[in-house]
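Single-structure report; data block below.
In the working numbering, the protein residues as written are 1 to 492.
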């Protein structure tokens, strides 16, 4: 299969799988989940077999149809998108393993709908990753929002539905109210929406207008959760844990920071941003979000809400790195997309594992839980250390490159931010680890399961063990990402 047709296959395989899951239905759950696994495996093969050609310099592309004169539904494979697609396709398999244990262990309703919409969301992710222009990216960006809304509202109670409406409302308002006007403005001044290394705006826009257009793009891409358009992310914590993992590691937030990074590199171009003072605000907005979200996380008592604010801070590491505009920092931004995905999905898997086994959701309930759930808490420990940036975890690698990029730019404010935020990360994660491993259980906090629980279902433990291992292995097996990004950085 040629590369251009493989692009379409990457979009269609999850949709075909979604149809297969819907046809099998809830009466045959084993077959339904088998269809999910087969679909995820096929997608992994389709996406990952594109990698050798891309590393050899190939850039497959395909134009499906022309929507308006000069505006087409177009797909193209480039290094940043390839990395995003490869990451999402890999983690879909692991998340599917976890989902079987979680959905069954927690006796969740509407499991067929869950697997169908999850597959549709992965198709949207492939469309975002391989989009050849802003119009194509916007279409699949919106499909991702709409397909994940029912997943966030999965429980169906009034509180969950209200939170899901916040999720949907903020993401649609920002994308339609800001992102879409930014796309239209870009087309009006350049006559194209294609992604071009080095950008398309140079010579067409200058002065304060560049900064204003950047405002529309950055805050219009609400999935990146840059403050103040971040409230949707804590609101979405009402979703089942596999959905939280989808939001934080596999799809939604990664689509946000991926899109911002792509806009910086392929629409504005780092050379234009470097000489336009009106765009300097982006770096400071990212720094503000990193520090503020970390301080808010420090005050949380609910485990998933703490992880949500940690995600907001970690996402802004990526935006901050992209805004430094040095080759090493751009590489660090890409590395942190992967490192955060591995570490944060591990943390959410562990949080869900704790909930299924013990129904505990509050940090204060976790004293001594490491002795009852050693596999779960060992994985949580690895994920937490990666968020802090401790070797030998993935987070150390990405933070190292971001720090190096800051030194390249003599950006001392970024260096100070990295040091301070790392200390804050340690301040809210290390007490949890100490409580879990070194404190005795508080019998006053007995829940419905009593204090006799052990590990969660085997499928969940297997999945979180895999992602914890990936978090460690990325410390030494990160060369494919570096090879991809070297192709990108060499052109910017």
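Even glycine gets a Cβ: it sits at the ideal position worked out from N, Cα and C.
When secondary structure is reduced to three states using DSSP, residue 410 falls in the coil class, being assigned neither helix nor strand. For residue 81 and residue 276, the gap between their C-alpha atoms comes out near 27 Å.
For residue 75, the enclosing beta strand (DSSP E) begins and ends at 71-76.
When DSSP states are grouped into helix, strand and coil, residue 225 belongs to the coil group. Here residue 425 is buried: its Cβ has 16 or more other Cβ atoms, across all protein chains shown, within 10 Å. For residue 338, the closest alpha carbon among the candidates 182, 473 and 199 is that of 473.
Segment contact: the region 401-411 against the region 340-349, fewer than three CB-CB distances shorter than 8 Å; contact not assigned. When C-alpha distances from residue 136 are compared across 228, 66 and 218, the shortest belongs to 66.
Per the DSSP secondary-structure output, residue 194 pairs in a beta bridge with 133. Our two residues, residue 195 and residue 186, have alpha carbons roughly 12 Å apart in a direct line. Excluding the 5 residues flanking it on each side, residue 178 has same chain C-beta neighbours closer than 6 Å at 216, 219 and 220, in chain order. Apart from the 5 residues on each side of it in sequence, residue 461 sits with its Cβ closer than 6 Å to the Cβ of 375 and 455 in its chain, given in chain order. Beta-bridge pairing by DSSP links residue 62 to 75. Looking only at 442, 126, 290 and 239, the smallest Cα-Cα distance to residue 420 is reached by 290. Just so you know, the alpha carbons of residue 269 and residue 192 end up roughly 15 Å apart. Beyond the five residues adjoining it in sequence on each side, residue 111 comes within less than 6 Å, by CB distance, of 103 in the same chain, given in chain order. Taking every protein chain shown into account, the CB of residue 145 has 16 or more other CB atoms within 10 angstroms, so this residue is buried. Just so you know, the alpha carbons of residue 162 and residue 439 end up roughly 37 Å apart. Taking the Cβ atoms as the reference, residue 153 lies roughly 26 Å from residue 84, outside the contact range of under 8 Å. Only residues of its own chain outside the window of five on either side were considered, and among them 435, 439, 441 and 442 have a CB closer than 6 Å to the CB of residue 367, listed in chain order. Between residue 79 and residue 488 the beta-carbon gap is near 4 Å, inside 8 Å, which marks them as a contact. Counting only residues of its own chain and dropping the five nearest sequence neighbours on each side, residue 328 has a CB closer than 6 Å to the CB of 401, 404, 405 and 408. In this chain, residue 230 is not harboured by any alpha helix (DSSP H), its DSSP state being neither H nor E.
When the beta-carbon positions are compared, residue 458 and residue 101 come within less than 8 Å of each other. The DSSP assignment places complete alpha helix (DSSP H) segments of no fewer than 4 residues inside the region 347-391 at 369-372 and 374-388, in order along the chain. A contact is defined here as three or more CB-CB pairs under 8 Å, and the region 109-128 fails this definition with respect to the region 472-486.
The Cβ neighbour count for residue 32, taken over all protein chains shown within 10 Å, is at least 16; the residue is labelled buried. The alpha helix (DSSP H) runs lying completely inside the region 284-342 and spanning 4 residues or more are 303-324, given in chain order. The beta carbon of residue 333 lies closer than 6 Å to those of 261, 318, 321 and 322 in the same chain, with the five residues before and after it left out. Bounds of the alpha helix (DSSP H) holding residue 37 are 29-48.
In this structure the region 46-53 lies against the region 85-99, because at least three pairs of beta carbons, one per stretch, are closer than 8 Å. Here residue 68 is bridged, per DSSP, to 71. Comparing alpha carbon positions, the residue from 297, 312 and 211 closest to residue 226 is 312.
A check of alpha carbon separations from residue 230 across 174, 77 and 76 identifies 174 as the nearest.
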